[in-house]
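K.L.:
The structure under discussion is supplied below as structure tokens; questions concerning it will follow.
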Amino acid sequence: MSTTTNDVTYTATEMMTVAAARALTNDDVCFVGIGLPSAACNLARLTHAPRLKLLYESGTLETKPQVLPLSIGDGELCETALTTVSVPEMFQYWLQGERITIGFLGGAQVDRFGNLNSTVIGDYAAPKVRLPGSGGATEIATGCQRIYIVMRHNPRAFVERLSFQTSLGHGPTGRERRALSVHTEGPALLVTDLCVMKPDAETNEFCVVSIHPGVTREQVVAATGWPVRFAAAVTVTPAPNTAELEALRDLNARTAKAHGSSSGAADL
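For the sequence shown, the working numbering gives the first residue as 2, with consecutive numbering after it.
Structure follows, in structure tokens:
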């Protein structure tokens, strides 16, 4: 489904990717997840934040991929990196040393406090779906100075209670992060294909702060598995501009060609 704003036509996925990319700056050092987070981070690097430093779990530092990687082991990351270090160095020195400003993550499920599940859907012993698991997401969620999340918005993903907590957000009640003496900020932004959410300053519950053009509050409520809250002043998310869309579509086209796929890379 496409939306047209000021004669510019874009998809919900493009809106989500652009909105997530805008949150990054030239001063950030970003630990990047594969899929939607990778698309958003590389779009930021190709547009308004050319000095943004991207790190991937495989040990690639300041990588500048020309196509989106299929996995952390994709050769594109190593070939375009400033340097590649060992995985133990990446985690022990860079991540646990809190040298990374932003961890950009996604997941199969998220709750109102930004806790993520990428392990199983259903009972752990007999799951309906077994997912790839944590990878480095558990450590990224606690070691980076703050966490940004990008996910598609639907009731299966935005749930009242996770099937399994893979990565700590603010905890099941919003207070556990502090109780566990985890002093990094935690989830600070949640961008979806419907809206942008930020945590309440007191409760850490994610609240809607902006809604994408053409989306209604009723759509957001219907797509959320908990009684979603709206900020006192909810704005309309600025629509993608031509330069952002051209950069994203060129990136997706290069990726599709490289991977022999006709689908958009941002949909990985």
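For glycine and all other residues, C-beta sits at the position ideal for the given N, C-alpha and C. Given the structure is predicted, the values throughout are model-derived calculations rather than measurements.
Considering only the alpha carbon of each residue, which of W227, G136, A257 and L25 lies closest to N155?
P.N.:
As a position in the sequence shown, residue 155 is number 154, starting the count at 1. Sorting W227, G136, A257 and L25 by C-alpha distance to the C-alpha of N155 places W227 at the top.
K.L.:
Quick one: is D28 buried, meaning 16 or more other Cβ sit within 10 Å of its Cβ, or exposed?
P.N.:
Residue 28 sits at position 27 when you count from the first residue of the sequence shown. Per the 10 Å Cβ criterion, exposed.
K.L.:
For a test of the three-state rule: what should DSSP assign to T12, helix, strand or coil?
P.N.:
Translated into the one-based positions of the sequence shown, residue 12 becomes position 11. Strand.
K.L.:
Give the DSSP bridge partners of P188, in chain order.
P.N.:
Translated into the one-based positions of the sequence shown, residue 188 becomes position 187. DSSP lists I148 as partners of P188.
K.L.:
So T81 packs on K65, CB below 8 Å; how close in whole Å?
P.N.:
The residue labelled residue 81 in the question sits at position 80 within the sequence shown. The residue labelled residue 65 in the question sits at position 64 within the sequence shown. Contact holds; Cβ gap of about 5 Å.
K.L.:
Taking Cβ positions, are T185 and G144 nearer each other than 8 Å?
P.N.:
For the purposes of this step, residue 185 is taken as the residue at position 184 of the sequence shown. For the purposes of this step, residue 144 is taken as the residue at position 143 of the sequence shown. It is a contact, given that the beta carbons lie within the stated cut-off.
K.L.:
With a threshold of 8 Å on Cβ separation, who are the neighbours of V216 within its own chain once the five nearest residues in sequence on each side are excluded?
P.N.:
Here residue 216 refers to the residue found at position 215 when the sequence shown is read from its first residue. So the qualifying residues of the chain are L195 and C196.
K.L.:
State buried or exposed for A267, treating a residue as buried only when at least 16 other CB atoms are found within 10 Å of its CB.
P.N.:
As a working mapping, residue 267 is identified with position 266 in the sequence shown. Residue confidence is low: A267 scores 49 on pLDDT, short of 50, so the model does not pin down where it sits. No coordinate-derived value is stated.
K.L.:
Could you round the C-beta distance between A189 and R147 to whole angstroms and report it? I think they count as a contact, below 8 Å.
P.N.:
Residue 189 sits at position 188 when you count from the first residue of the sequence shown. Residue 147 sits at position 146 when you count from the first residue of the sequence shown. Confirmed, about 4 Å.
K.L.:
Using a Cβ-Cβ cutoff of less than 7 Å, which residues in the same chain neighbour C79 once the five nearest sequence positions on both sides are dropped?
P.N.:
Indexing the sequence shown from 1 puts residue 79 at position 78. Contacts found: T61 and T85.
K.L.:
Distance, Cα to Cα, S119 vs G74?
P.N.:
Start at 1 with the first residue of the sequence shown, and residue 119 comes out as number 118. Start at 1 with the first residue of the sequence shown, and residue 74 comes out as number 73. Distance between the alpha carbons of S119 and G74: 19 Å.
K.L.:
For S264, which residues from the same chain have a beta carbon less than 8 Å from its beta carbon, with the 5 sequence-adjacent residues on both sides left out?
P.N.:
Along the sequence shown, read from residue 1 onward, the residue named residue 264 stands at position 263. With a pLDDT of only 43 at S264, under 50, the local geometry of the prediction cannot be trusted, and no value is derived from it.
K.L.:
Relative to the alpha-carbon of V237, which residue among L53, R250, P214 and T243 has its alpha-carbon at the smallest distance?
P.N.:
Mapped onto the sequence shown, residue 237 falls at position 236. Comparing Cα positions, the closest option is P214.
K.L.:
Is R218 helix, strand or coil when you go by DSSP?
P.N.:
As a position in the sequence shown, residue 218 is number 217, starting the count at 1. R218: helix per DSSP, three-state reduction.
K.L.:
Which residues share a DSSP beta bridge with L246?
P.N.:
Your numbering for residue 246 matches position 245 in the sequence shown. Paired residue(s): none; L246 is not in a bridge.
K.L.:
Helix, strand or coil for F105, going by three-state DSSP, please let me know.
P.N.:
By one-based count along the sequence shown, residue 105 stands at place 104. Of the three classes helix, strand and coil, the one that applies to F105 here is strand, per DSSP.
K.L.:
From the DSSP output, read off the bridge partner residues of Q67.
P.N.:
In the sequence shown, counting from the first residue as 1, residue 67 sits at position 66. For Q67, which the question treats as bridged, DSSP gives no partner whatsoever.
K.L.:
With S211 as the anchor, note down where its alpha helix (DSSP H) starts and where it stops.
P.N.:
Within the sequence shown, residue 211 is the residue found at index 210, counting from 1. Here S211 belongs to no alpha helix (DSSP H); instead the beta strand (DSSP E) covers F207 to I212.
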